[in-house]
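Enquirer:
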Ligand code: TXA
Ligand code: MG
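Numbering (the numbering used here), first residue to last: 34 to 380.
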């Protein structure tokens, strides 16, 4: 299959090209597009045959449901059974933005979207190219992250090209994404509002709107079975083995240096995922800086790109510095923990 790549400037969107992309969606094809979180792989969310193409292109297990992306509030009503007061408050405060809400679904939603569940995940992205594509297509767009299943999510067009070339109809290159981690998934379909996946909208942000919100236990404990189907898979994972270190920064640096020495003596190529503040403290190993501890949004923004870079460098093992679990740190640690397949060393 031939994949067409088009470049769109988010500040000056070419209407003609966007119309072509929207036509592909309307006709049942697949288009990868940028959002403020990560790149999505989109298809008409009301067309079963189109949605099947997404699962096929990604190699995604069919029991993992998809998010529907909308561009206006009018598009929401027909898709859901009801909009609770809590949902209204969250929508008002956080949409458009990196928050996915789980609703009880309406009869309009095909089973393939929800993997047979009676709920549906919906979000309104805060990115002009995504919004334009949805509005022009005039259908809700089903879109998982545009990576091969199990790989780190794409935050640059080059990542999408690497994973999806020859597998989908079109890739819209709209530059780098913003947040860099996937949206927060908030389940409002049950008694207790629960975060199923942490993301750019944090627990602290949500508490201001819904004080009773809790977090699924599996987010910080890889032994617990997640409530969200997608969270149970090995995910965001580089090819190399990864070990995650948590504790005081000094203890982390000391332990990583010790392990790096030992592993290199065994002949291993060692990658170190470091921060601005610590980069000069590692005398050996391939050191890549993910961002600054002072500004964790930089770590979120770069994390998946750095994981892919370690693979390009063909390291055997990645020793990664952890961060705290507050605010955006929660989402960062959740992704790092998955990339490390749960292997965390607490110091
Ligand atoms: O930021 C994002 O959310 C990106 C961009 C493209 O919008 N999309 C994304 O989609 O991350 P995906 O498919 O990679 O992740 C969707 C997550 C999965 O963990 C899935 O299991 C969960 O949402 N999910 C979807 N529908 C659900 C439902 N009805 N109940 C519980 N979890 C659901
Ligand atoms: Mg994904």
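Cβ atoms here follow ideal geometry from the backbone N, Cα and C, with glycine treated the same way.
Counting C-beta neighbours from all protein chains within 10 Å, is the total for residue 359 16 or more, i.e. buried, or is it exposed?
Expert: So residue 359 counts as exposed.
Enquirer: Can you tell me whether residue 135 sits near ligand 1, meaning its C-beta is under 7 Å from at least one heavy atom of the ligand?
Expert: Checking the Cβ of residue 135 against ligand 1 gives yes.
Enquirer: Residues in the same chain with beta-carbon distance under 7 Å from residue 216, minus the five sequence neighbours each way, listed in chain order, please.
Expert: Cβ within range, chain order: 70, 131, 132, 133, 156, 232, 233.
Enquirer: Report the start-end ranges of each alpha helix (DSSP H) in the segment 167-255 that is 4 residues or longer and not cut off at the edges.
Expert: Runs of the alpha helix (DSSP H) inside the segment 167-255: 190-197, 236-242.
Enquirer: What do you get for residue 92, buried or exposed, if any count of 16 or more other CB atoms within 10 angstroms of its CB means buried?
Expert: Answer is exposed; the Cβ neighbour count stays below 16.
Enquirer: Can you tell me whether residue 297 is buried or exposed, with buried defined as 16 or more other CB within 10 angstroms of its CB?
Expert: With fewer than 16 Cβ atoms within 10 Å of its Cβ, residue 297 is classed as exposed.
Enquirer: Nearest by alpha-carbon distance to residue 164: which of 145, 354, 120, 46 is it?
Expert: Taking only the C-alpha atoms, the option nearest residue 164 is 46.
Enquirer: Less than 7 Å between C-beta atoms, sequence neighbours within five positions excluded: which residues of the same chain meet that for residue 273?
Expert: Contacts found: 304, 343, 344, 348, 349, 350, 351.
Enquirer: Report the option in 127, 99, 98, 89 whose CA atom is closest to the CA atom of residue 106.
Expert: For residue 106, the nearest C-alpha among the options comes from 127.
Enquirer: Please confirm whether residue 366 and residue 355 have their CB atoms less than 8 Å apart.
Expert: Cβ distance < 8 Å, so residue 366 and residue 355 count as in contact.
Enquirer: I'd like to confirm something about residue 102: is its beta-carbon nearer than 7 Å to some heavy atom of ligand 1, or not?
Expert: Residue 102 Cβ: within cutoff of ligand 1.
Enquirer: Between the segment 165-173 and the segment 45-63, do three or more beta carbon pairs fall short of 8 Å?
Expert: Touching, per the Cβ criterion.
Enquirer: Since I believe residue 101 is in contact with residue 78 (beta carbons under 8 Å), could you give me their beta-carbon distance rounded to a whole number of angstroms?
Expert: That pair is a contact at about 5 Å.
Enquirer: Does the distance from the CB of residue 147 to the CB of residue 137 come in under 8 Å?
Expert: Not in contact: residue 147 and residue 137 (Cβ atoms no closer than 8 Å).
Enquirer: Are the segment 280-288 and the segment 250-270 touching by the rule of at least three beta carbon pairs closer than 8 Å?
Expert: Flag = no, the segment 280-288 and the segment 250-270 do not touch.
Enquirer: Leaving out five residues before and five after residue 331 in sequence, what residues of the same chain have Cβ atoms less than 7 Å from its Cβ?
Expert: The residues are 324, 325.
Enquirer: Check whether the segment 212-226 and the segment 84-99 touch, using three or more Cβ-Cβ pairs below 8 Å as the test.
Expert: With a cut-off of 8 Å, the segment 84-99 and the segment 212-226 do not count as touching, because too few Cβ pairs lie within range.
Enquirer: Please state whether DSSP places residue 350 in a helix, a strand or coil.
Expert: Here residue 350 sits in strand by DSSP.
Enquirer: If you measure from the CB of residue 115, is any heavy atom of ligand 2 nearer than 7 Å?
Expert: Answer for residue 115: no, Cβ out of range of ligand 2.
Enquirer: With a 10 Å radius around its C-beta and 16 neighbouring C-beta atoms as the bar for buried, classify residue 336 as buried or exposed.
Expert: Label assigned to residue 336: buried.
Enquirer: How should residue 38 be labelled, buried or exposed, when 16 other C-beta atoms within 10 angstroms of its C-beta is the threshold for buried?
Expert: Per the 10 Å Cβ criterion, exposed.
Enquirer: For residue 199, count the other beta carbons within 10 Å of its own beta carbon; 16 or more makes it buried, fewer makes it exposed. Which is it?
Expert: So residue 199 ends up on the exposed side.
Enquirer: Give me the DSSP bridge partner(s) of residue 291.
Expert: Note: residue 291 sits in no beta bridge, so no partner.
Enquirer: Compute the Euclidean distance between the alpha carbons of residue 300 and residue 315, then round it to the nearest angstrom.
Expert: Approximately 18 Å between the Cα atoms of the pair.
Enquirer: Using 7 Å as the cut-off, classify the Cβ of residue 207 as near or not near the heavy atoms of ligand 1, replying yes or no.
Expert: Result no, Cβ not under 7 Å from ligand 1.
Enquirer: The beta strand (DSSP E) with residue 301 in it runs from where to where?
Expert: Segment: none, residue 301 is in no beta strand (DSSP E) and carries neither H nor E.
Enquirer: Starting from the Cα of residue 68, find the closest Cα among 159, 204, 111, 230 and give me that residue.
Expert: The option with the nearest alpha carbon to residue 68 is 159.
Enquirer: Please state the DSSP three-state secondary structure of residue 311.
Expert: The answer is coil: DSSP assigns residue 311 none of H, G, I, E or B.
Enquirer: Output the distance between the C-alpha atoms of residue 271 and residue 280, rounded to the nearest integer angstrom.
Expert: If you take the alpha carbons of residue 271 and residue 280, they lie about 23 Å apart.
Enquirer: Which of the three DSSP states, helix, strand or coil, is assigned to residue 102?
Expert: Strand at residue 102.
Enquirer: Alpha carbon to alpha carbon, how far is residue 334 from residue 212? Give it in angstroms, no decimals.
Expert: Taking the straight line from one Cα to the other gives about 5 Å.
Enquirer: Less than 7 Å between the CB of residue 245 and some heavy atom of ligand 2, yes or no?
Expert: Not so, every heavy atom of ligand 2 lies at least 7 Å from the Cβ.
Enquirer: How about residue 141 and residue 111: are their beta carbons less than 8 Å apart?
Expert: Going by C-beta atoms, residue 141 is nearer than 8 Å to residue 111.
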